[in-house]
Amino acid sequence: MQICELRQSLLDCQGHALVLGGPGSGKTTIALKKAVARINAGLDAGQSVLFLSFSRAAVARLGEAMKQEVPQTQRSQLSMQTFHSFFWTLLSAHGYLLGAPRKLRILLPQDEQVEYGSIRPRERNVQNADWRAWLARREEMFRQDGRIAFDLFARNAEALLTQSQHIRRLITQRYPLIIVDEAQDTDAHAWRCIELLSATAQIVCLADLDQQIFDYLPGIGPERVDAIRQTLAPLEIDLGGQNHRSSGTEIAIFGQDILTGRARGAPYAGVSSFGYDPRRRTQKTALRMALGILQRSIRAATGRYGRNVAILTHSGVSAAKVSASLNADPKPVRHKLAFDEAEAMLTARFAAFLLEPKSEATRREDIALGLELLATSKAAAGLAAAAQWRLWAVRVREGREPRAGFVQAVIGVIDAVRQSPFTGDPAKDWSCVKRLLRDSGDPELLTTAKNLDYLVAFNRGRRISAGLGAIWARDGRYTGAREALDLALAQDQILGGVDDPPGVQVMTIHKSKGKQFDGVIVIREGRHNGERQVSSFVWWDDEPPYWRSRKILRVGVTRAKVHTLILEHVFPACPIMAGHNL
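Each residue of the sequence shown is one higher than the one before, starting from 1 at the first, in the UniProt record's numbering.
Printed below as a string of C-alpha cells:
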C-alpha cells in the first residue's frame, strides 16, 4: 500500500480520527500502520494499542493482516479483542461493584435459548409479557447468581465506566490508543463506553455506513457516525472506493454500482453470473457447475485454484437447502455449513456426558440424565419433542422403561459407552462417541453426531481437546467432561477468532460480514412474499429503490478477493440486477 498524503495525515494525527471507506479500501491496513507508529513513538511498560472489533471473524482477519503489517517484535504490544472479550475482562474484575457476585459466569447463548425457546421468534419483543418477564429474569440472574448473558455485557460495562473514574483511568493508562473497527455497528451502550474512554485515550474509528446491515438490531443506526463526529470532533479521512482486497478486479466497483443503482450494462472483471431454470435443472447440478466455473475463473486469474470459497444465501433455510444439495449423491461436495449453533452446542453436552464415567449402579440415572440433556437441546429450538423426552426421563427414574425406539437407542448408546474403554486421547475418544451415535441408526442421534463434526471444527476443537486432555491427565478418566466443554465453549465465545478454513463454506450473507474468500457464489432464487414470487435479493418489506437490499447484497458480492459469481434462477426477475450484463 502506498502511503499517500491522506493516509499520512492519519499516521501523524495526535487526536481522534474517523476513517471512512468501502470494502477492501484499506481501512484495516492503515489502522495497523497507525498502531505501529504509536508503538514506535514509545509505550510505557504494560501499555499496548487496543484494536476492538465486533466479530470473531474480523479479529481473525486482523490477525492475518497483522502478520503482514506489524513487525514480529511489536505484535505483543497490539491487543486485538472483540467487544465481548473486552467487556468480559472488565466485568470479571469489577462486576461486583454493580451488586453482582464476585465470581461471574457466562450464560451461554444455547442455555439462554433453552429459557425462552417456547416463545416464538416473532413474539420476542417488549410488547409480549412473557418476553418482558424473561428479560427481567435475566437481569435477576446476573445480580443474584452471577450469570450474565452476552446482551448484558455492554450496558453493564457502560454502568461501570460511568460510575468509576478509577476504572476509566486504569483502562486508558493501559491502552493509550484504541482503534474501533466497524464503528458504524456500535449500539448506544458500546458507543457510550468508547465515548467515556475518549477523554484520556486517543480513539480511531473505522466505519463504512454502507455496510451497516445490522441496523435492525436495537440501538444500531445511521446516527452512529454522526455521533462520532459530534462527540470526538475527529480528523476525518475518506478512502472512498479504493480497493486493496480484490485489486486487479472490478468487484468493488460492481458492489458500489449495486449500492448506488448504477447499471453500466457491461461486464465487470472478476464478476460473472450463471442462470438456470429450476424446472429443467436441479439446484444440485447447478451448484456443482457453478463451483467448477468459479474455480476455473480463480485459476485463470491467479494460476491456482481457490483455497476457500463461500456460497452465500439470503436466509438460513436457503443455506440448509444448499447444504442438502451439496450432500446429495452420487458425488457429495465436502463443505462446512454455518448455522444456528445453539442446538449443536447443547447436543455436544450430551456427548461430553457420554465421556464421563459410567457404572451399572448408576445406569437408570445415566439413562434419565441422557434423555434430559437431549430434551434440553430440543427445548432451545422450541420443539415439542422436548416435553416428551423429559416425560420419558421421569418414567425411567420411576423404573418404567419406555419401549419407544428413541429411548431404546439412547439406552443402547449408554450401555455401549459403559463397555467401551476410552484411551485418554480426546480426539480418538470423541470419535468413538460419534461412531456409537451413528451405529445406533436413530435419526435424532445421527443428527447429534453431525452436530459434533461441526462443533469441533476450527479453533474450538483444540480448546475442547485441551480441556478434556487436562482432566484425563489429572484423573485418568473424563470426570466433569461437561464442565470442561462449557469452559471451552465460553472461551471460544469470548476469545476465539474463527479462521476462514479451506474448502467450501455455506452461510447467509449476514454471517459472511467481516470475512473474505478467494471466491464467492451468491445465490439468487425466488421467494414468496405472501402474494407472489419475488427475487431473494429484495429484502423483506424493502421498497424501491431497495436501499437496504442493496447494502446487504453489496456486502455479499465484495467478500471475494478474486471472483464473484451470481448463481440465479431465470425467474422471477430482479429489480436490483436489472440492466446489469454479467
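No residue lacks a Cβ here, since even glycine has one placed at the ideal position from N, Cα and C. Computed from a predicted model, the values in this text were never measured in an experiment.
Arg75 is positioned such that its CB atom lies no closer than 7 Å to that of Leu177. Gly467 places its beta carbon less than 7 Å from that of Ala484.
Ser325 and Leu374 have their C-alpha atoms some 28 Å from each other.
Taking 7 Å as the cut-off, the Cβ atoms of Leu235 and Ala41 do not count as close. Counting of Cβ neighbours within 10 angstroms places Ser549 among the buried residues, the total reaching 16 or more.
Cβ-Cβ distances below 8 Å link Leu354 to Gly370, Val413, Ile414, Val417, Val433 and Leu436 in the same chain, with the five nearest sequence neighbours on each side left out; the list follows chain order.
Per the C-alpha coordinates, the member of Ser535, Ala342 and Leu452 positioned closest to His314 is Ser535. C-alpha of Ile167 to C-alpha of Ala351: approximately 41 Å in a straight line. For Glu343, there is no enclosing beta strand (DSSP E); the residue is found in the alpha helix (DSSP H) stretching over Ala342 to Leu355. Within the DSSP bridge table, the entry for Asp238 names Leu20 as partners.
The shortest CA-to-CA distance from Gln408 to any of Ser377, Pro443 and Thr249 is the one to Pro443. The beta carbon of Gly146 sits closer than 7 Å to those of Ala100, Pro101, Lys103, Leu104 and Arg105, all from its chain and outside the five residues before and after it, given in chain order. Cys193 carries a helical assignment under DSSP once its states are collapsed to helix, strand and coil. Ala348 and Gly556 have their C-alpha atoms roughly 31 Å apart. The residues Leu52, in chain order, have a CB closer than 7 Å to that of Phe86 in the same chain once the five nearest residues on each side in sequence are set aside. Three or more beta-carbon pairs separated by less than 8 Å link the region 198-213 to the region 20-34, which places the two stretches in contact. Excluding residues up to 5 positions away in sequence, Gln295, Ile298 and Arg299 lie with their Cβ nearer than 7 Å to the Cβ of Tyr305 in the same chain.
For Thr282, there is no enclosing beta strand (DSSP E), as DSSP marks it with neither H nor E. Secondary structure note for Thr564: its beta strand (DSSP E) is the uninterrupted segment Ala560 to His569. For Gly42, there is no enclosing beta strand (DSSP E), as DSSP gives it neither H nor E.
For Ser325, the enclosing alpha helix (DSSP H) has its first and last residue at Gly316 to Asn327.
Assignment of Thr73 by DSSP, reduced to helix, strand and coil, places it in the helix class.
Relative to Asp329, the option among Lys284, Ser118, Leu312 and His335 whose CA is nearest is Lys284. Boundaries of the alpha helix (DSSP H) harbouring Cys432: Pro426 to Asp439, taken from the DSSP string.
By the beta-carbon neighbour count (other beta carbons within 10 angstroms, threshold 16), Trp540 is exposed. Take the alpha-carbon of Gln8 and the one of Ile293: they are about 41 Å apart. Here the alpha carbon of Thr558 sits roughly 14 Å from the alpha carbon of Lys511. Of all C-beta pairs linking the region 518-533 to the region 560-578, three or more are shorter than 8 Å, placing the two stretches in contact. The beta carbons of Val394 and Ile367 sit no closer together than 7 Å. For Ala266, the secondary structure class from DSSP, reduced to helix, strand or coil, is coil.
Residue pairing from DSSP places Tyr276 in a beta bridge opposite His569. Taken atom to atom, the span from the alpha-carbon of Leu160 to that of Leu170 is near 12 Å.
When DSSP reads this structure, Gly503 sits in a beta bridge with Asn308.
A buried status is given to Lys513, since no fewer than 16 other beta-carbon atoms sit within 10 Å of its beta-carbon. Short of 8 Å from the beta carbon of Ala573, and not among the five residues preceding or following it, lie these beta carbons of its own chain, in chain order: Ser535.
In this structure Ala319 is buried. Its beta-carbon is surrounded by 16 or more other beta-carbon atoms within 10 angstroms.
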